[in-house]
């Protein structure tokens with residue numbers, strides 16, 4: 034519950050409250066004695082730290098949790114999924130810190146770790162990463178490194194039906210939209226954001242950075258197909 038609350042608060046831009054929820058998640062994860070729960074809680078706290086521009090602290094926390102998973106056992110598929118997920122988060126954190134070689138190396142390692150995972154995680158699994166999920170992280174990693182072309186290439190074969198949740202389906206749309214926007218392609222940006230909105234309206238409506246792209250589209254490209262529909266949907270809902 035605390036991990037989920039932290040994830041939602043991060044998306045809303047309420048980082049101080051997300052930090053409090055993430056701290057509580059770590060406390061209860063430690064009490065549980067589950068290394069997977071501890072890894073999940075550490076990941077949420079690291080994401081908060083990253084949003085607070087504490088990239089070094091986020092990387093140290095994630096590295097420690099990932100090392101703990103690697104040292105414990107990777108014999109189960111659930112543990113392998115946790116390891117791949119942590120590597121993805123580490124790669125994105127490194128990318129946000131401008132550490133290109135580290136980010137790309139960890140993305141490659143996450144791909145290798147995910148090879149043994151099913152395309153769709155079984156019900157009840159804490160980490161639902163899949164090979165397609167790693168590729169979606171790669172879109173974000175390349176985008177954070179400022180390489181929109183590589184981001185678009187990483188996501189070119191991804192489809193919403195490859196992802197089990199509305200949040201991940203929408204994340205595909207918003208991440209691809211960021212890359213298209215960086216490449217100054219308003220029509221493709223709009224189409225990707227409309228796909229994201231249809232999958233999960235809150236991922237477009239409630240995330241400040243995505244709303245900013247919608248506003249810029251409306252101001253600079255009002256006649257582009259779909260822009261009026263997108264802007265109206267976002268502003269009407271708010």
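In my numbering, the protein residues as written are 34 to 271.
Even glycine gets a Cβ: it sits at the ideal position worked out from N, Cα and C.
Since the structure is predicted, the reported quantities are computational estimates derived from the model, not experimental observations.
How about residue i and residue j: do their beta carbons lie closer than 7 Å?
i, j, result
"residue 178", "residue 128", "yes"
"residue 214", "residue 246", "yes"
"residue 119", "residue 72", "yes"
"residue 167", "residue 121", "yes"
"residue 69", "residue 79", "no"
"residue 198", "residue 229", "no"
"residue 209", "residue 188", "yes"
"residue 222", "residue 259", "no"
"residue 146", "residue 165", "no"
Sort the options by Cα distance to residue i and report the nearest one.
i, options, result
"residue 239", "227, 46 and 211", "46"
"residue 254", "230, 228, 181 and 217", "217"
"residue 236", "267, 248, 256 and 262", "267"
"residue 163", "189, 114, 133 and 171", "114"
"residue 82", "50, 222 and 234", "50"
Could you tell me if residue i is buried or exposed, where buried requires 16 or more neighbouring beta carbons within 10 angstroms of its beta carbon?
i, result
"residue 86", "exposed"
"residue 148", "exposed"
"residue 225", "buried"
"residue 139", "buried"
"residue 64", "exposed"
"residue 62", "buried"
"residue 67", "exposed"
Roughly how many angstroms separate the alpha carbons of residue i and residue j, rounded to a whole number?
i, j, result
"residue 252", "residue 220", "14 Å"
"residue 263", "residue 124", "31 Å"
"residue 99", "residue 152", "22 Å"
"residue 60", "residue 41", "19 Å"
Closer than 7 Å, CB to CB, is residue i near chain C or not?
i, result
"residue 104", "Note that chain C does not occur in the displayed structure, where there is just one protein chain."
ask   = For the stretch 58 to 109, which segments carrying the alpha helix (DSSP H) assignment without a break, of at least 4 residues, lie completely within its bounds, in sequence order?
value = 68 to 84 and 88 to 105
message = To test your reading of the DSSP string, which unbroken alpha helix (DSSP H) runs of 4 or more residues are found completely within the stretch 187 to 230?
response = 199 to 215
Ranges of the alpha helix (DSSP H) found wholly within the stretch 115 to 200, counting only runs of at least 4 = 133 to 147, 164 to 177 and 181 to 188
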